[in-house]
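What follows is a single structure, written as structure tokens, with notes after it.
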Amino acid sequence: MAVALKALLLLFPVLMCFLLPPVFASSTTTCIEEERQALIEFKKNLTDPAGKAVLTSWSGEDCCTWLGIRCDTRTGHVTQISLGNNSLAGDQVPSSLLHLKHLVSLDLSHNFFNLAPVPEFFGSFPQLRYLNLSSGGFGGKFPQQLGNLSKLQYLDLSGCNLELSKTVYHLPPSLIELHLQYFYSPYGSTGDDNISTFTLSTNLTSLKVLDVSADIAVLSVLPKWLSGLNSLTTLILNYGFQGTIPAWFCTLGNLKYLDMSVNYLEGRIPSCFANLSRLAYLDLSYNNFDGPLSPESTVENLAYLEMLNLAHNNFEGDLPCRLTKWQNLQELSLEHNLFSGTIPSSLGRLSSLQKLRFGDNNLTGSIPESLGMLSHLEELDVSHNNYLEGIVNEIHFTHLTSLISLGMSSTSVAWNVSSDWNPPFQLFYLDVSSSTLGPRFPTWLLTQEKLISLDISCSNISDVVPNSFWDLLSSVSYLNMSHNRLRGQLPDFLNVLPNYSYSVIDLSHNSLKGSLLNFSTNAYTLDISSNLISGQIPKDVNIRMRTIHGLFLSDNHITGSIPFSLCQLQMEVLSLSRNKLSGAIPDCWNSSGSLKSIDLSRNNLDGNVPATLSNLPSLVSVYLSVNNLSGGLLPMLQSRFPELIVLDLGENKLVGRIPSHIGEKLPKLMVLRLRSNMLFGHVPSGLSLLASLRILDLAQNNLSGNIPESFSNFSAMKVWNKASELNNFLLGYLEIQRFYYEKVSVSIKGGEWEYRRQDVAFTFLCNIDLSCNKLSGEIPNGLADLLGLLSMNLSNNRFTGKIPNRIGDLQQLESLDFSHNQLYGKIPDSISALHYLEYMNLSYNNLSGRIPQGSQIQTLDDPSIYVGNRDLCGPPITKKCQEDETPPPPLAPDGNNRKGIDDEMVFLYISVVIGFVLGLWGFFVALLFNKSWRIAYCQLLDAMEARLVIVLTWLGKFWRIFSTR
């Protein structure tokens, strides 16, 4: 019923034409000459830039046979002009139309009248019942003269740039349907020309349908003049309203269709909504409503509801339990809220239910088996409820014969169906990604012959894919089986697909072996990245596709060269990274190509960077890193790349200089990565023209000279966290973005990390790495102006001078490496202000003085980060600063300290003398009684005479030393 009502509203203008009197029947009478001349004059003011040829039929004597013209079959008077949706252009509507006194219907919608004002004479058609000027290019003031059309029943001014003022606008009481979508001017707004200042007279006693959808750029509260339109049955208020729903709103007791979606409304649903007891269609989606829906919610009391859409709000609490009151309910959409608790089993009693959406909430428990009784259910979505668990079996689908869409992704639900289960439904859409569909391959999928979109990625399947499964590709336009453990032979299924259209085929993160096929120039999108599937990719393919998105074969074991036929593919993304491709990159790219992102990184490719890449001005990202490419950069950069954002040519064998004009050729570049090549020469100062640059990596080359002073001009590095630029820099440029993410490799904090756009850290990346070159001179003080830097690495160069005193201005710095240079002087005290610093290395320089202390720098307590600076002192190294050494004890005034030392020395001398005398006396006694000893002793004295002199000399020296103490 709700769907039928909505369709009726959308078709109302057409129905009006058929419900009008039979004067709209095909003319059999020649038109009035005066009216024919009026139409000829009208034609002179129109052009047909779209070439729809409606005006070319306006020739001959009988104007009643002209396209878009109808006449009264009895009188021949023109009664209808239908020129809507013809894209005609004109500067004005000539007053000659005033001769059409019998005009009943006038449709000039979806043309362009160059902001011409709505003619005042439009109020002079006494018989006019239908007037449609929507998106007709009209401007000027709101046409007050339309209030004179006493028989007007339908008026559509949507999309007209009409100026408003603080006045009451009078429209004829006969009006039944009024459309005012985006009908006020956004130009030169002073705050008075918006929907909150617009007021309709309350004499519209016949008005049933009102659409006043506003402009989201000029938010307004709900206008109170709505409360006087008590006859309304259909009310549409979209896009530009804010605040809470006021109590007077509930006086519109005849409403059956209420759409207030896509606004900034907030608060709870008013309790007075119980007065809107006739509501059958209620859409409050995409707002900021909150609060629970049970047990006190008045929404539960709307017994005639056929459609309830509360999606994308902040509703919380349990789902309504008294759902049995909604016996007419056909659609229940509660996705993207904060609902918790379990799914009520009473849902199984709503026999009319066709759409049930609970996705993206905090639901728990299991899916009730009672849902299997909903024989009219077409769509079931419980995805993105991480705590939803339990088992799904055949009983859950017993009577779901009408089901065409099923979503259970990102849940903890496990499937447990028999291998020979034959479901009662034929699905068009199935998404059970990031759930537990495996470990066996779901053979029941072989029964689904109408699938258009299938996503069983990350579903824990570890099995062989049946050969017959590939026959499903004759109808599937989106296939995602990535991140499983699929095995088996990849069949030659591409050869049987010449008559079908495809969007995405993603078999990534399994495994694929073989060589690249010779793709047809009509190929669409094929992603068979990272497969565990064995076998060869078919070599002869001819796929006729509607549109091209991209080709993904990354993370595989693909060997061989890249065929020239890839250059002819009209695609947006080419990704062959992380394979074993060899040979040269084909130099065959032409300007007719639509390629925006190319990723051939981490292969074994050699040869030069193709010069014909300069023929692709739409390129947004180029990844050719970790290969064996040689040659220089100049051939590729001979043309301007106005859209290029990422250029990664790192870890190759490129030689030559960095082109000085690089800053002029790449105006939007944000990432420049040329590390680990053989580039030489000076760093060009023209790099500073890259105003959007956030990541500069020139490390591990042979660059020399100074860092240009102009490096302080990197605009994007001066501001902290331009998240809107970096995090969203590729959003919108590819339809394929929903499953393809750009990446950036960054050397930071002593390691190399790869960030993807979905990573939180990607938002904040800002890095300069010039390490491992031959750069010299002083570190420019201007680098301290780059306040957004997270990492700076200037290590392993020949820099001299001091560390800039303003280093502490880089408040967001997390990684700093100045090691292996020739820096001298003290470490600036300002370095202790780097509160986010996690990694620092100042080793192997000539730094001196005390190491600064601070709350964050003290956490970096590894002494090795200061090694090689012999004149540094203080924690965390062991060397104490001179002022920190313990001084000798001070002398006492009376000399007592010295007296104690002298007493100890006297005692030592006496002990030595006594020992010497006793030893010598023992020796002479032995000589006195032994003759042979006496002879030997005399001989020894003769031999030692010279030596004795030396000994005595040394004894004399010792004596002088002792005597002076």
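Numbering of the sequence shown is given in the working numbering, commencing with residue 53 and proceeding in unit increments.
Glycine included, C-beta positions come from ideal geometry on N, C-alpha and C.
Predicted model only: the values in this text are computed from it and were never measured.
Your pair Asp700 and Asn680 does not check out as a contact, with CB atoms roughly 15 Å apart and the cut at 8 Å.
Nearest in C-alpha terms to Trp110, of all of Pro101, Gly103, Ala102, Ile121, is Ile121.
A distance below 6 Å between beta-carbons, with the five flanking residues on each side excluded, links Gly906 to the following residues of its chain, in chain order: Ser884.
Taking the Cβ atoms as the reference, Gly702 lies roughly 20 Å from His734, outside the contact range of under 8 Å. According to the DSSP assignment, Met769 belongs to the alpha helix (DSSP H) that extends over 767 to 770.
Setting aside the 5 residues that flank it on each side, His222 is surrounded in the same chain by Gly199, Ser253, each with a C-beta closer than 6 Å to its C-beta; the list follows chain order. Look at Glu446 here: in three-state DSSP terms it is helix. Around the beta carbon of Asp936, a 10 Å sphere encloses fewer than 16 other beta carbons of the protein chains shown; the residue is thus reported as exposed. Per DSSP, reduced to three states, the secondary structure at His609 is strand. In this structure Pro669 is not in contact with Trp641, their Cβ atoms being roughly 11 Å apart against a cut-off of 8 Å. Taking a C-beta distance under 9 Å as the contact criterion, Pro146 and Phe94 qualify as a contact pair. Along the length of the region 668 to 695, whole beta strand (DSSP E) runs at least 3 residues long occupy 673 to 675, 680 to 682, reported in chain order.
Closest option to Ile637, judged by alpha-carbon separation, among Leu676, Ser643, Ser649: Leu676.
Taking Gly683 as reference, the option from Arg692, Leu696, Arg709 with the minimal CA-CA separation is Arg709. Residue range 625 to 627 is occupied by the beta strand (DSSP E) that includes Leu626, with no alpha helix (DSSP H) assigned at that position. Scanning Lys407, Ala743, Leu748, Ile759 for the CA closest to the CA of Asn765 turns up Ala743. For the options Arg320, Asp311, Asp433, the alpha carbon positioned closest to that of Pro298 is the one of Arg320. At a Cβ-Cβ threshold of 9 Å, Gln863 and Leu894 do not count as neighbours. One alpha carbon belongs to Met533, the other to Asn413, and they sit about 25 Å apart. Look at Tyr918 here: in three-state DSSP terms it is helix.
With a contact defined as Cβ atoms closer than 8 Å, Ser418 and His436 miss out at about 16 Å. Here DSSP, grouped into helix, strand and coil, assigns Ile84 to coil.
Membership of Gly393 in the beta strand (DSSP E) is indicated by the continuous run 390 to 393. For Glu431, the enclosing beta strand (DSSP E) begins and ends at 431 to 433.
Pro736 and Ser828 have their C-alpha atoms roughly 14 Å apart. For Glu229, the enclosing beta strand (DSSP E) starts and ends at 229 to 231. If the five residues before and after Asn921 are omitted, its C-beta is found closer than 8 Å to the C-beta atoms of Leu894, Ser895, Tyr896, Asn897, Asn898, Leu899, Ser900, all from its own chain and listed in chain order. One Cα belongs to Glu441, the other to Leu718, and the distance between them is close to 51 Å. Taking 3 residues as the shortest admissible run, the region 811 to 866 contains the following complete beta strand (DSSP E) segments, listed from N- to C-terminal end: 819 to 821, 826 to 830, 843 to 845, 850 to 852. Each residue's CA atom was taken as its position, placing Phe194 and Lys407 some 41 Å apart. Inclusion of Ser563 and Asn608 in the CB contact set at 9 Å is warranted, their separation being smaller than that value.
The continuous beta strand (DSSP E) containing Gly319 extends over residues 316 to 319. CA-to-CA, the gap between Ser762 and Gly926 works out to about 36 Å.
Look at Asn327 here: in three-state DSSP terms it is helix.
Counting every other CB atom within 10 Å of its CB across the protein chains shown gives Gly802 a total below 16, marking it as exposed. Approximately 6 Å separates the beta-carbon atoms of Gly490 and Ser514; this is inside 8 Å, confirming the contact.
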